[in-house]
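**Q** Numbering (mature numbering (1 follows the signal peptide of the UniProt record, and there is no 0)), first residue to last: -19 to -1, 1 to 219.
1. Report all residues from its chain with a CB closer than 8 Å to the CB of residue 56; omit the five preceding and five following residues, and keep chain order.
2. Out of 162, 178 and 175, point me to the one whose CA is closest to residue 82's CA.
3. Since I believe residue 96 is in contact with residue 122 (beta carbons under 8 Å), could you give me their beta-carbon distance rounded to a whole number of angstroms?
4. Could you check how far apart the C-beta atoms of residue 252 and residue 62 are, in whole angstroms? I think they sit under 8 Å.
5. Counting along the chain, where does the beta strand (DSSP E) carrying residue 119 start and finish?
6. Within the same chain, show all residues whose beta-carbon is closer than 6 Å to that of residue 31, passing over the 5 residues directly before and after it, in chain order.
7. Could you check the C-alpha separation between residue 222 and residue 68 for me, to the nearest Å?
8. In its own chain, which residues sit with a C-beta less than 6 Å from the C-beta of residue 37, not counting the 5 before and 5 after it?
9. What's the call for residue 72, buried or exposed, on a 16-neighbour Cβ count within 10 Å?
10. The alpha helix (DSSP H) with residue 36 in it runs from where to where?
11. Going straight from the alpha carbon of residue 146 to that of residue 94, what length do you get?
12. Going by DSSP, name the residue or residues bridged to residue 131.
13. Taking the alpha-carbon positions, what's the residue 44 to residue 105 distance?
14. Tell me the rounded alpha-carbon separation between residue 59 and residue 33.
15. Exposed or buried, what is residue 41 when buried is set at 16 or more other beta-carbons lying within 10 Å of its beta-carbon?
16. Using three-state DSSP, classify residue 143 as helix, strand or coil.
17. Between the C-alpha atoms of residue 154 and residue 64, what's the straight-line distance to the nearest angstrom?
18. Under a Cβ-count criterion, where at least 16 other Cβ atoms within 10 Å of its own Cβ denotes burial, should residue 127 be classed as buried or exposed?
19. Rounded to whole angstroms, what is the Cα-Cα separation between residue 134 and residue 51?
20. Can you tell me where the beta strand (DSSP E) holding residue 105 begins and where it ends?
21. Between the alpha carbons of residue 148 and residue 176, how many angstroms are there, rounded?
22. Work out the CA separation of residue 29 and residue 164 for me, nearest whole Å.
23. In whole angstroms, what is the alpha-carbon distance linking residue 14 and residue 130?
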């Protein structure tokens, strides 16, 4: 009986560790929409905009969207992204119109983009520095960009529009989008500037680095697994 109890506890460890990390399975394993119920458990609540400050809900209403997703903001406007304190981590990662689901690396034409890193229960702010340049961004969590979790700031009204950017991301699809490494937050940016990593909100995941990144969430999950493994061992030898 004791052996069966220990075995049952051990069988739960992989799923518990993944749940703590906020992992969203790739398409084919389960539909991304099945995770929306977990995200809805803690809907973000960004305050109303104020003069010179625009607030954005990440995963608004438990859906994989930014709200608002298409923003017009003049120079010196501060845009703050509010991440829900839910099981699924998200990011605000700058990209380009040509590659919606890929981080904007430095090149001869632009500086490297900003990136909040995968996070939850935090706030991340950027300041618009050049409102003549469109700013494109996406969520780097697995499958999210490919199902349309993207946004834009100061997008043109013709040609490379916000609607066309969303269509380009969805054309890549959840199965086709690249898997991006999460190395925590990156400050800087192109057309906008992030000067600090995400700041902690209420009960943010334990972080091994700054900003409550996804790596910190993974450490939280593994520590929980270790605790349960100890319990299982104690039961089996009691």
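For glycine and all other residues, C-beta sits at the position ideal for the given N, C-alpha and C.
**A** Let's see:
1. For residue 56, where only same-chain residues beyond five positions count, the Cβ hits under 8 Å are 109, 110, 111 and 112.
2. Nearest option by C-alpha distance: 162.
3. Not a contact, Cβ separation roughly 12 Å.
4. The question about residue 252 has no answer here: the residues shown for the chain are numbered -19 through 219.
5. Per DSSP, residue 119 belongs to the beta strand (DSSP E) from 116 to 119.
6. Excluding residues up to 5 positions away in sequence, nothing lies with its Cβ nearer than 6 Å to the Cβ of residue 31 in the same chain.
7. A query on residue 222 cannot be resolved here, the shown segment of the chain reaching from -19 to 219 and no further.
8. Only 47 and 62 meet the Cβ criterion.
9. With 16 or more Cβ atoms within 10 Å of its Cβ, residue 72 is classed as buried.
10. In this chain, residue 36 is not harboured by any alpha helix (DSSP H); it is covered by the beta strand (DSSP E) spanning 34 to 39.
11. Each residue's Cα considered, the two are about 17 Å apart.
12. Partner(s): 119.
13. For residue 44 and residue 105, the gap between their C-alpha atoms comes out near 19 Å.
14. Each residue's Cα considered, the two are about 6 Å apart.
15. Classification for residue 41: buried.
16. Residue 143 falls in the helix class under three-state DSSP.
17. Distance between residue 154 and residue 64, taken at the CA atoms: about 23 Å.
18. Only buried fits residue 127, as 16 or more other CB atoms lie within 10 angstroms of its CB.
19. Near 6 Å, if we compare the C-alpha coordinates of residue 51 and residue 134.
20. It spans 103 to 109 - the beta strand (DSSP E) in which residue 105 sits, taken as one unbroken run.
21. Looking at the backbone, the Cα of residue 148 and that of residue 176 are separated by about 30 Å.
22. Going from the Cα of residue 164 to the Cα of residue 29 covers about 31 Å.
23. Bear in mind that the predicted position of residue 14 carries a pLDDT of just 40, short of 50, making it unreliable; the figure below should be weighed with that in mind. Approximately 12 Å between the Cα atoms of the pair.
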